[in-house]
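Numbering (full-length UniProt numbering), first residue to last: 1 to 669. For every residue, glycine included, the Cβ atom is placed at its ideal position computed from N, Cα and C. Below is one structure, written out as C-alpha cells; the observations come after it.
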Amino acid sequence: MELNLLKDIVIIFTLSTVVNFLFTKIKIPTIIGYLLTGVLTGPYLLGLVSSHHQIELLAEIGVVLLMFTIGLEFSINHLLRIRKIVFVGGFMQLILTAGITMLIARLYNMDWAGALFVGFLTALSSTAVVLKLMQERSEITSNYGRTVLGILIFQDIILIPLLLFTPMLGGEVSDQSGQLLMLLGKTVFLVGLVYVGNRWLMPKLLRMVAHTKNQELFMMSIFAICLSVALLTSEMGISLAFGAFLAGLMISESEYSHNAFGQLIPFKDTFTSFFFVSIGMLLDLNFVAEHLGLVISTVLLVLLVKMIIAGGTAFVLGHTFRGTIMVGFALCQVGEFSFILAQSGMKYQLIPEYYYQLFLAVAIISMSVTPLLMMISHPVAEKLLKLPLPKTLVNGLFPLPQIEIPVLKNHVVFIGKDARALNLSVMAKYVKMPYISIIFDPGTVKKLQEKGETVIYGDATNEPILEKAHVKTADVVVVSVGNLIVAMSIVERVRNLSPHAFIIVRTKKVVDIEELYRLGANQVIPEEFETAIELFDRVLKKRLVPQREINLLLAKIRDDHYGIFREETSKSDQLFQELPNLEIMALKVREGSFVIGKSISQIRFRKVFGVTLVAILRKEELIEHPDVHTTLELFDIVYIMGRSEQIANAFELFGKNELPVEVSQEDKA
C-alpha cells in the first residue's frame with residue numbers, strides 16, 4: 001500500500017510538472033494544470049492512480065494549510081471590520097442563489113426538497129480556488145478581495161447548518177432544535193477560543209519557542225497549532241479547513257506570524273496541488289461526452305446566475321461597477337464544500353445518481369474556468385465602463401461625500417492605498433510639497449479625510465477621477481498598486497491626460513518593466529530589485545569602493561532598466577539606449593561644500609562633468625539661466641541636467657570641501 005501511494009505521488013508530480021511547464025509557457029494558470037492532471041490520471045481516463053483515499057487525505061492537508069495561511073494574512077480586527085460583508089453579504093448571496101437555482105431546478109422536474117438542496121449546492125463557491133488565486137495576485141486585502149473573502153467565510157460557516165438541515169430535507173426526523181443549540185454552543189466556544197488564543201495564549205507560546213532560536217522547533221509548533229485546532233473543529237463537526245483558518249487568526253497578530261507564513265508557503269503549495277488533482281479525478285468524461293449539450297448549457301447557466309447574484313450583492317454592499325464585476329466573476333463557480341454536501345444528499349436520496357454526475361461535471365468545469373474568468377474580469381469591466389451607464393451604477397450606491405479639491409499645479413499625485421503610497425504622502429506633507437492622494441478604499445479615505453488630508457476616493461483607472469486630482473497639471477504621478485493590470489491601465493490613462501507628467505510606477509516583477517515603459521511610465525521601480533540594489537550598495541561601501549564608482553554602477557543598472565536582472569534583452573532595450581535619457585536633478589549646497597563661493601565658470605559643470613546648470617533656487621527666488629560669473633552660496637539649490645552617471649559624478653561637488661580631481665587637473669592645465 002505504501003509503495004502504491006509513493007508510485008501515485010510520483011505519477012502526479014511528474015505529470016503535473018510536464019503539464020504546468022507547458023501551461024506556464026502559454027501563460028495558463030497552474031490550477032488548471034493540476035485539474036487536467038487529475039482528469040488524466042483519474043479512473044475515467046488513464047486510471048494511473050489507485051490510492052484515491054490517501055490522495056484525498058493529502059488534498060485535505062493542502063486545503064488546511066491554504067486556509068491557515070489565509071488566516072495568518074488576516075487578523076481579528078480586520079475580520080471584525082468586514083462583519084457586515086460576512087453576515088449581510090454572505091446571507092444575501094446564499095439565499096438568493098439557492099432560491100433562484102431551486103426554481104430553475106424545478107424546470108428539470110426535480111421535487112421541491114431536491115431542488116432546494118441543489119440550490120444550496122450551487123450557492124457555495126470554491127474557497128480553495130478563489131483564495132489561492134487572490135493570494136497569488138495580492139488581492140485578498142483589496143476592496144473586492146475583502147468582499148469575496150467575507151462571503152466565502154459565511155459559506156464555510158453555513159456549511160454546518162446545511163449538513164444538519166439535509167436529513168430534514170430527506171424526510172428523516174431528528175432532534176433538530178437540540179442540534180441547533182449544540183451548534184450555538186460550539187460557536188460561542190470557538191469565538192472565545194480564538195479571542196483568548198489571539199490575545200494571550202499564542203503570543204506567549206510562540207515567544208517561548210522563538211527564544212530557543214531553533215527553527216525546526218518553531219516549524220513543528222506552527223504545524224502542531226494548525227492541525228490541533230483543525231482537528232478540534234473537526235471533532236466538533238465543523239470542517240478541518242475552517243478550523244485551520246481560525247488557527248491562523250489566533251497567530252495573525254503575533255510578531256512571529258510573518259515568519260510562520262514564509263515557512264509554510266512551500267508545504268502549502270505542494271499539498272494544495274493534491275487537492276486540485278483530486279478534484280480533477282472526479283470528472284466522468286463518459287458522462288460529459290454523452291450529455292455534452294446539457295453539461296455546457298448548465299455550466300453557462302450556473303456561471304451566469306451566480307455571477308449576477310454575487311455581483312448584485314457586492315453592488316448592494318457599496319461596490320462600484322468595477323468591483324461588482326470582479327466579485328461576480330470571482331464567486332461564480334461551484335465550490336469544493338459542495339462535494340461534501342452532495343455526498344450527504346446522496347445518502348438521504350435527495351438527488352439521484354444522474355443529477356449527481358451532472359453536478360460533479362458542472363462543479364469541476366466551473367472551477368476549471370475560474371482562473372480565466374478572474375483574469376479577464378478587469379478587462380471586461382473596462383469594456384463595459386465605456387458604455388453610457390447610469391452614474392449610480394458606475395460609482396456605487398454609497399459614494400463618499402465630495403470634498404472640495406483645491407486647484408493645484410506642479411503637484412504630486414499619489415495613487416494607491418498600500419503602506420508605501422501612504423508613507424509617501426506623509427513625507428510629502430512633512431516637506432510641505434503639494435499633493436493629492438487617490439485611494440480606492442472607503443474606510444481608509446474616510447479616516448484620512450477626517451484628519452484633513454486631501455484624498456479622493458475612487459478608481460484611478462477612471463479618467464474623471466484622475467481629472468478631479470488635476471493630473472493634467474501635475475508634475476509627478478506615483479502609481480503604487482499591487483495589481484499589474486490595474487497599474488498598466490492607470491499609467492495609460494495618466495499619459496493620455498498628461499503628456500508631460502513624470503510617471504513613477506512600483507511593480508513587483510522586473511519582467512513587467514518594459515510594458516509599463518511602453519504605456520508611458522518614465523520610471524519603473526521593481527521592489528524586489530530596488531531592495532537588492534540598496535543591499536549591494538551597503539556591500540560595496542563595506543568593501544571601501546569609492547562612492548563615485550558606486551553611483552556610476554547603480555546609475556548604469558537603473559539606466560538599463562534593470563536589464564542585468566533579466567535573462568533576455570528584448571529589442572525595445574535598444575530603443576531606450578538610443579534615446580538621450582536626460583534627467584534634471586536638484587542638488588543642495590551644504591556646509592563644507594567645494595562649490596561655496598565659486599563661480600559657475602570656475603566649477604566647469606559642462607566641460608568636466610558633461611552636465612548643464614539650468615537654474616538656481618536661492619531663498620525662494622528662482623534664477624533661470626544664470627551667467628557664468630554667478631557664484632554659488634550656502635543652501636542654494638542647483639538644478640543640473642544630464643545623464644544619470646554624469647549627475648552622479650557632479651554630485652561629489654556638493655559634499656566635499658576639497659577640489660575634485662578632475663577640476664584640479666583642469667586648473668593646472
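Quiz item: What whole-angstrom Cβ distance do G150 and I85 have, given they're in contact under 8 Å?
Solution: Going by Cβ atoms, the distance from G150 to I85 rounds to 3 Å, so yes, they are a contact pair.
Practice problem: Can you check DSSP and say which residues form a bridge with S140? | Solution: According to the sequence provided, residue 140 is Ile. The question's Ser does not apply to it. Beta-bridge pairing links I140 to no other residue.
Self-check item: Buried versus exposed, by CB contacts within 10 Å (16 or more), A474
Solution: By the neighbour-count rule (16 or more Cβ atoms within 10 Å), A474 is buried.
Quiz item: Is M367 closer than 8 Å to F329 when the C-beta atoms are compared?
Solution: No, the pair does not count as a contact, with Cβ atoms beyond the cut-off.
Practice problem: Buried or exposed for V148, please, with buried defined as at least 16 other CB atoms from any protein chain shown within 10 angstroms of its CB. | Solution: Buried, by the Cβ-count rule.
Quiz item: Does the region 349-358 come within contact of the region 476-495, defined as at least 3 CB pairs closer than 8 Å?
Solution: The region 349-358 is not in contact with the region 476-495.
Practice problem: Within the same chain, show all residues whose beta-carbon is closer than 8 Å to that of A650, passing over the 5 residues directly before and after it, in chain order. | Solution: If we look at A650 and ignore the five residues flanking it on each side, its Cβ neighbours are L587, F605, F609, V611, I640 and G642.
Quiz item: Smallest Cα separation from R322: which of D459, G416, S234 and L246?
Solution: Comparing Cα-Cα distances from R322 to each of D459, G416, S234 and L246, the minimum goes to D459.
Quiz item: Curious, which full-length beta strand (DSSP E) runs of at least 3 residues does the region 164-214 contain?
Solution: Secondary structure in the region 164-214: no beta strand (DSSP E) run of 3 residues or longer lies completely within the stretch.
Quiz prompt | Integer Cβ distance of Y256 from L193, believed to fall under 8 Å | solution = So it is not a contact: roughly 19 Å between Cβ atoms.
Practice problem: With a floor of 4 residues, list each alpha helix (DSSP H) that falls wholly inside the region 279-340, ordered by position along the chain. | Solution: If we require 4 residues or more, the alpha helix (DSSP H) runs fully inside the region 279-340 come out as 285-290, 292-316 and 321-330.
Quiz item: Fully enclosed by the UniProt domain "RCK C-terminal" (572-656), which beta strand (DSSP E) runs are 3 residues long or longer?
Solution: For the UniProt domain "RCK C-terminal" (572-656), the full-length beta strand (DSSP E) segments reaching 3 residues or more read 583-588, 612-618, 621-624 and 637-642 along the chain.
Exercise. Under 8 Å Cβ to Cβ from S228, same chain only, skipping five residues before and after it: list those, please.
Key: Here the set comprises A247.
Quiz prompt | Alpha carbon of L579 to alpha carbon of E514, nearest angstrom | solution = No answer about L579 holds up, because its pLDDT of 39 lies below 50 and its placement is not dependable.
Practice problem: Quick one: residues in its chain with C-beta nearer than 7 Å to the C-beta of L389, no 5 flanking neighbours on either side, listed in chain order? | Solution: So the list reads F321, once near-sequence residues are dropped.
Practice problem: Starting from the N-terminal side, write out each stretch of the alpha helix (DSSP H) that is 4 residues or longer and does not extend beyond the region 378-409. | Solution: You should have 391-395.
Exercise. Output the residue ranges of the alpha helix (DSSP H) runs that lie fully inside the region 18-56 and measure 4 residues or longer, sorted by chain position.
Key: Taking 4 residues as the minimum length, the alpha helix (DSSP H) runs contained wholly in the region 18-56 are 30-41, in order along the chain.
Quiz item: Cα separation between V661 and R590?
Solution: Bear in mind that the predicted position of V661 carries a pLDDT of just 40, short of 50, making it unreliable; the figure below should be weighed with that in mind. Their backbone Cα atoms lie some 20 Å apart in a straight line.
Self-check item: Residues bridged to I456 [DSSP beta-bridge criterion]
Solution: Its beta-bridge partners are I438.
Self-check item: With 16 other Cβ atoms within 10 Å as the buried cut-off, status of Q146
Solution: In the sequence on display, residue 146 carries Arg and not Gln. R146 is buried by the Cβ-count criterion.
Quiz prompt | Simplified DSSP state of Q449, which is helix, strand or coil | solution = It is helical.
Quiz prompt | Cβ separation of A428 and V471, assumed to be a contact under 8 Å, to the nearest whole Å | solution = Wrong, their Cβ atoms sit about 16 Å apart, outside the cutoff.
Quiz item: Would you call P371 buried or exposed, if buried means 16 or more other Cβ atoms sit within 10 Å of its Cβ?
Solution: Of the residues assessed, P371 falls on the buried side of the cut-off, its CB having 16 or more other CB atoms within 10 angstroms.
Self-check item: Residue range of the unbroken beta strand (DSSP E) whose run includes V479
Solution: Under the DSSP assignment, V479 falls in the beta strand (DSSP E) whose first and last residues are V476 to V479.
Quiz prompt | Backbone CA spacing between K7 and F274 [nearest angstrom] | solution = Looking at the two C-alpha atoms, the distance is approximately 14 Å.
Quiz item: What is the DSSP secondary structure of V431, counted as helix, strand or coil?
Solution: If DSSP states are grouped into helix, strand and coil, V431 belongs with coil.
Quiz item: What is the DSSP secondary structure of I415, counted as helix, strand or coil?
Solution: Note: I415 maps to strand in three-state DSSP.
Practice problem: With a threshold of 16 other CB atoms inside 10 Å of the CB of K409, please say whether the residue is buried or exposed. | Solution: Per the 10 Å Cβ criterion, exposed.
Quiz item: Measuring CB to CB, does V491 end up less than 8 Å from L516?
Solution: In this structure, V491 lies near L516, with their beta-carbon atoms less than 8 Å apart.
Quiz prompt | Bridge-paired residues (DSSP) for I525 | solution = For I525, which the question treats as bridged, DSSP gives the partners R506.
Quiz prompt | A289 classed as buried or exposed, judged by whether at least 16 other C-beta atoms fall within 10 angstroms | solution = Classification of A289: exposed, given that the 10 Å Cβ count is below 16.
Quiz item: What's the C-alpha gap between I222 and R618?
Solution: In this structure, the CA atom of I222 is about 60 Å from the CA atom of R618.
Practice problem: In angstroms with no decimal places, state the Cα-to-Cα distance between L303 and F359. | Solution: Distance between the alpha carbons of L303 and F359: 13 Å.
Quiz item: Is Y517 helix, strand or coil by DSSP?
Solution: Assigned with DSSP and collapsed to three states, Y517 falls in helix.
Practice problem: Consult DSSP for D111 and reduce its assignment to one of helix, strand or coil. | Solution: Here D111 carries a coil assignment [DSSP, helix/strand/coil].
Quiz item: By how many angstroms is the C-alpha of L131 removed from the C-alpha of G262?
Solution: Computed Cα separation, rounded: 17 Å.
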